[in-house]
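Protein chains in written order, with the working numbering: chain A, 1 to 387; chain B, 1001 to 1387; chain C, 2001 to 2387; chain D, 3001 to 3387. The beta carbon of each residue, even a glycine, is placed where N, CA and C say it ideally should be. Treat the numbers as computed from the prediction; the structure is a model and nothing was measured. Here is the structure we will look at, set down as structure tokens.
There are 4 protein chains.
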Amino acid sequence: MSAGLEPPAVIEADGPSSGLLPRSRRGVQPDGGARKLRVGIIGATGYVGSELIRLLSRHPNVDIVGLAGRDRHDDPIGGFHPHLASTGMTVGTELPDDIDAAFLALPHGAAAALVPEMAARGVAIIDLGPDFRLRDAADYPRWYGFQHPHPELLDIAVYGLPELHRDELRALIDAPVAIVGSPGCYPTATLLALAPLARAGLIGDLVVDAKSGVSGAGRDAKPEMHFGEVDESVRAYGIGGHRHVAEIEQELAVTASSVGLDPGANPGAIGVDFVPHLMPMVRGILSTNHVRPTRPISADELAALYHEAYDDEPFVHVVASAPATKHTTGSNHVLVFPYLDERTGRILVIGAEDNLVKGAAGQAIQAFNIVHGLPETAGLQQLPLAP
Amino acid sequence: MSAGLEPPAVIEADGPSSGLLPRSRRGVQPDGGARKLRVGIIGATGYVGSELIRLLSRHPNVDIVGLAGRDRHDDPIGGFHPHLASTGMTVGTELPDDIDAAFLALPHGAAAALVPEMAARGVAIIDLGPDFRLRDAADYPRWYGFQHPHPELLDIAVYGLPELHRDELRALIDAPVAIVGSPGCYPTATLLALAPLARAGLIGDLVVDAKSGVSGAGRDAKPEMHFGEVDESVRAYGIGGHRHVAEIEQELAVTASSVGLDPGANPGAIGVDFVPHLMPMVRGILSTNHVRPTRPISADELAALYHEAYDDEPFVHVVASAPATKHTTGSNHVLVFPYLDERTGRILVIGAEDNLVKGAAGQAIQAFNIVHGLPETAGLQQLPLAP
Amino acid sequence: MSAGLEPPAVIEADGPSSGLLPRSRRGVQPDGGARKLRVGIIGATGYVGSELIRLLSRHPNVDIVGLAGRDRHDDPIGGFHPHLASTGMTVGTELPDDIDAAFLALPHGAAAALVPEMAARGVAIIDLGPDFRLRDAADYPRWYGFQHPHPELLDIAVYGLPELHRDELRALIDAPVAIVGSPGCYPTATLLALAPLARAGLIGDLVVDAKSGVSGAGRDAKPEMHFGEVDESVRAYGIGGHRHVAEIEQELAVTASSVGLDPGANPGAIGVDFVPHLMPMVRGILSTNHVRPTRPISADELAALYHEAYDDEPFVHVVASAPATKHTTGSNHVLVFPYLDERTGRILVIGAEDNLVKGAAGQAIQAFNIVHGLPETAGLQQLPLAP
Amino acid sequence: MSAGLEPPAVIEADGPSSGLLPRSRRGVQPDGGARKLRVGIIGATGYVGSELIRLLSRHPNVDIVGLAGRDRHDDPIGGFHPHLASTGMTVGTELPDDIDAAFLALPHGAAAALVPEMAARGVAIIDLGPDFRLRDAADYPRWYGFQHPHPELLDIAVYGLPELHRDELRALIDAPVAIVGSPGCYPTATLLALAPLARAGLIGDLVVDAKSGVSGAGRDAKPEMHFGEVDESVRAYGIGGHRHVAEIEQELAVTASSVGLDPGANPGAIGVDFVPHLMPMVRGILSTNHVRPTRPISADELAALYHEAYDDEPFVHVVASAPATKHTTGSNHVLVFPYLDERTGRILVIGAEDNLVKGAAGQAIQAFNIVHGLPETAGLQQLPLAP
């Protein structure tokens, strides 16, 4: 463990006196649960930040005690997010020290620099950027163009997709350092669509053709995000290797190996053909996964794989017809539709989600809940908003 | 009172044995509040119905015990509203008898036939159609083309805009019969924008130019609601007298008289020029009110009128710049922007809301809360969903 | 040839006396070209019909002499298509007899019944439905659910994709009977994207993931086309075998065999995995073709294949970055983007078009031009409308 | 006349030797009309610029000989406007000298500096910005915040709304200096809606509530034009005095005085209450004009006023029901709907147009045609694109 990360000492100094949770037991609240967890959000002025505020403001076990954004000095939140003006919150430059957890919604590379100090103080880190998603430090220069400054943390960080890593997230309750690398929006919909096939060694060949609303690209006023360019149009982008490929390939392999399969069991999970498309809509991701299976499979067997995987999951719903992204808007739901095409012999699996909720803020809160021993659905029970 | 409406007898017969609330005291729950109110929704398959389900499902004091739709026989709700499939609810033909309250989202004329029997049994009625909004029975043939079958109920019914009729709604807690005519979507935004001026006798001349998303027109598959016709286009409709004019004129007069003004005090509130427009969007109403005041007024005086009227209201927010409908989506908020145009001498007041929430389902729940002595914001505290 | 189709006799009787073109030489106008061709449109009240009117109204060599729709009696066109009201046209039940060509935009099965008599009279038929697209009569019951009443015409009809069948279309200039089965919207974008690979025997495995605006589904007021359902959402449909698969597979095979390849040369062109998606937009098709090649190919070789195929085509543009559908709106352009993904070894080819122009009305006019010996671009030279 | 504007001398030097039109007779082409007019566009990279290129490329009497944009060096047009890539044009820093006419699409203040030299050389100027729209130089600091550097040109410039200033535009055929200030998008729809009332002295009180697609605000990547902010939302802007008020008031006065009325005849035309709104769409303006007439008027009289004004106009269509902006898209049409509301006694007049065509590029070409003695509809005959 690096010099910058010696949590036990830090915890001794800071934990007891601050009235915060004893760091070695995040999940047990000494006062019987009455105290709310104190959380902060860094990167509060973007779309993911606003969604974290929207959801955490209504979380029964949370107090938002700080919002931070670059060069902000107690600026009213309404100046960035008019729909949140009624919260009366402000955005400053830094978070208070005495917080239980921090959510980070920052450009790649920024969190890697901030996290070690905070994590060492025992603050649970839920990072919504890519800095703690990849296990192999070599993937950072390859996919993101920067050397990871703290590769030792990549071994500790947990990939925050609860449906695939719930036990590891739970283990953070007792860990002195808790770092969650919350998944990207595309990987969430794609991995949940594919995980049952990966575990069964069924992915012979794979094409992931994905569609996203513009909020996935953030809030920056880029010319290509101008309404005049986006509306009434679709186009592919990220041709030749969108960064989310790295997560998708990593986690398909992890998922297969978690049930004892070797990498060759899912040949289609290597060198994934992933092509994202920009949709003329604000929210929503649809991941259309075209799979040529490694062996023949019946429709019943396919359905059984998915129901077994997801029937006990609170947020993943296996549906019987092709889902629309609209039916997830504002909620933490993922709709998964597996289909065996008898004519072509292929398996089609479609995943639909709200990229800002299950694809970002909601998922992060779901992991946060697990890391703190809270009910996994706390603060995430609102239904989708449609039409 | 009509033969069909003799509540005391009904209450004696039905109240005690059913375990429901004593009808003469809706606001006090005998068991100290632990019991949830049993509610049903008639007209559950439309857009307003789905929004009632979405909100009431998360209301802490409510159990939805029945959904009704025409010719439905325990049909899964997901067949009508895929986003609500996870609730596991079904839609039948009728509601159970032992309910505390019924929400009705029906075409005009339909509720007027159903309500007397239900109301007489002590069921609190929250009608989201027009059948109990107008006080003068003659307005029904004029504006809606039907003779109201129970004009005597129009004297009892309360116009369910809490910001204007809170005391009357509260009085229903103890009333044997409780009927709320929940306001239309356009009148809500318009009346909240104009009420402070009406009370001050300032409306000299009035033009209401309103804009609505398509969900305000319901879910029927009409040719003019086809995506190909609506998208990338705006147009006016309802030229020459949209039905909501009746409510707007009635309530502007009521509001003025409630503070002792006579009808001539607001000459612009008579023969209101109201022109609605269809927007290429799903939700949202913007009501742009152009007022020529009866006397000169300063910007400070104008602001004071609005802050005095609304600063204590939980859902009405006076804002300092022109609001976007998007900043209310999914919430019960109304944003009101008053502005004195020094150049023209006019007052501009803009109201923005989500037509399905504060303009329909949310407002109905707000009134329901008052009628049952619940906190007015119960079940309505979610923040807007943006972007 | 069926009894209903004896063109020579008809032509003798009808041709000379009518002042129409001598049927055996559509391409030569006896008066030196001054006379405009007389055309009619059957199915004028739908979206394809309106687009035919828009384009043919401005075609320098055409007079629209008749518009027909079911149960129409000289109804002003503005009642169906307000944007065309200024043309002053009307829609009746039938076309005049003395026309040179008829465009048919009808539901499947309808044209097959009408065409034989008209074609026998020498009227050039440009059918925009599926009734004359497929060569194998057995495909009609399989894909469209009806027995083709005139299978003998399938041998005569020409698949109206000029870039693949220009010579056969030209041959109709001198043919007594001219029937063009104008391609479907999806097949046009897909086949133009894939034809160069098919000719090179490069299609080893194929996934076609396509996206369309709603106008491709016609104008009927179906619930799923309501603005409230379509806007802010994407979803797949036609899962398990959209009808356009039949055309795509047929023409990939035809294209390969046209250069002497046998069916096994493009194994991916058999049992094509085609999944269409509905976009929240009115016009535009994007066909994303994921190809695993039969052999390694360099990026230069790939580019050369496409430039060779299309550099002389007036409407197909090979582009260097992923195209947006918006950049074809209102024009007859198809943008084709071939890309070799070195990482995955796959070829990605994206085709973009306006489904109502190159995917329907424009393409039909292009074929009509060829069949009549007119410049192929006549009436089709307008540039796309953006933004 | 300023020193910078001595056209006769310039014309002597430049006209004959250049092969350009004799400046004193723009309308007569020495070679009998075979020569096309040479035009350039300054500000070619914005939305108005692209629309000028789209339309002028297909104009039968025009050759586009130069496109200019700031700091451009023969950059391919496709880099700015991918839909125009097939034209093969490039954008440079300057236009060639030997042009007949220049279209300028520039921010306010920029054209005023460029025009004098060009105009003095005899180049016909069609300025699409505000620099030559206002007659009173004092209006520039008031509404646009800059001192007009050449107020003397404001007397010469013609406001390029052909329906109101056709004779003055025609007079430019023989004028040594021709400067057209092409109207703004809102004023076009508004003035055409109101002109018949202004001429009749009927505008007693006026509220203009206008709605525009985002392309009216240009192409700059401003945060408020991000798709995430615009989609699914409407809002007012320019509260308290949008710059287009200046044009509207000026031209209503001019129109009234052109038939001998004095300013008091239309009291509502002074201090106009104009409130624009941003729509979630790309193109289209709807101007909803609420007029309280100075005297009672019958519906027949109202209709007669409009038909008399516009039945001979090629681009203005008086329609019988409320128009949708969509029915003008891509065309130079304006739809005008006058309506007498018997209930309120008001007149409602709605104008609909495509802001980039009749509201900008198309109107500019219409004026250009008149100034050069061409048929007024040349290059502008395409029909609207719908759906």
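For residue i: DSSP bridge partner residues
| i | result |
| --- | --- |
| Leu340/A | Ile347/A |
| Ser212/A | Leu278/A and Ile285/A |
| Ile2042/C | Ala2068/C and Leu2104/C |
| Val3207/D | Asp3273/D and His3290/D |
| Leu2164/C | Leu2164/C is not bridged to any residue. |
| Arg235/A | Leu278/A and Ala2324/C |
Three-way DSSP call (helix, strand, coil) for residue i in this model
| i | result |
| --- | --- |
| Glu2301/C | helix |
| Gly2284/C | coil |
| Ile3126/D | strand |
| Gly3228/D | helix |
| Gly1379/B | coil |
| Pro2293/C | strand |
| Tyr159/A | strand |
| Pro1107/B | coil |
| Ile1173/B | helix |
| Thr93/A | coil |
| Ile77/A | helix |
Proximity test, Cβ basis, 8 Å: residue i and chain B
| i | result |
| --- | --- |
| Gln382/A | yes |
| Arg2133/C | no |
| Arg3343/D | yes |
Span of the beta strand (DSSP E), counted from its first residue to its last, around residue i
| i | result |
| --- | --- |
| Val1316/B | Val1316 to Val1318 |
| Ala3101/D | Ala3101 to Leu3104 |
| Ala68/A | Val62 to Ala68 |
Whole-angstrom distance between residue j and residue i, CA atom to CA atom
| i | j | result |
| --- | --- | --- |
| Pro187/A | Ala171/A | 23 Å |
| Ala2198/C | Arg2292/C | 12 Å |
| Val2214/C | Pro2276/C | 12 Å |
| Asp139/A | Ala246/A | 7 Å |
| Phe3337/D | His2083/C | 14 Å |
Proximity test, Cβ basis, 8 Å: residue i and chain C
| i | result |
| --- | --- |
| Arg346/A | yes |
| Lys1211/B | no |
| His277/A | yes |
| Ala3386/D | yes |
| Tyr339/A | yes |
| Leu252/A | no |
Residue interval of the alpha helix (DSSP H) (run including residue i)
| i | result |
| --- | --- |
| Gly389/A | Outside the displayed span of chain A (1 to 387) sits residue 389/A, for which this structure offers no information. |
| Arg199/A | Cys185 to Arg199 |
| Gly3181/D | That residue, Gly3181/D, is in no alpha helix (DSSP H); its beta strand (DSSP E) goes Ile3179 to Gly3181. |
| Tyr1144/B | Careful: Tyr1144/B lies outside any alpha helix (DSSP H) and carries neither H nor E. |
Minimum Cβ-Cβ distance from residue i to chain A less than 8 Å
| i | result |
| --- | --- |
| Lys3222/D | yes |
| Val1349/B | no |
Residue-level contact to chain D via CB, residue i, 8 Å cutoff
| i | result |
| --- | --- |
| Glu2083/C | Here residue 2083/C is His; the residue named in the question, Glu, does not match the sequence. So, interface residue. |
| His2327/C | yes |
Contact test: residue i Cβ vs the ligand ZN heavy atom, cutoff 7 Å
| i | result |
| --- | --- |
| Pro141/A | By its list of ligands, the structure shown contains no ligand whatsoever, and the ligand ZN lies outside what it can speak to. |
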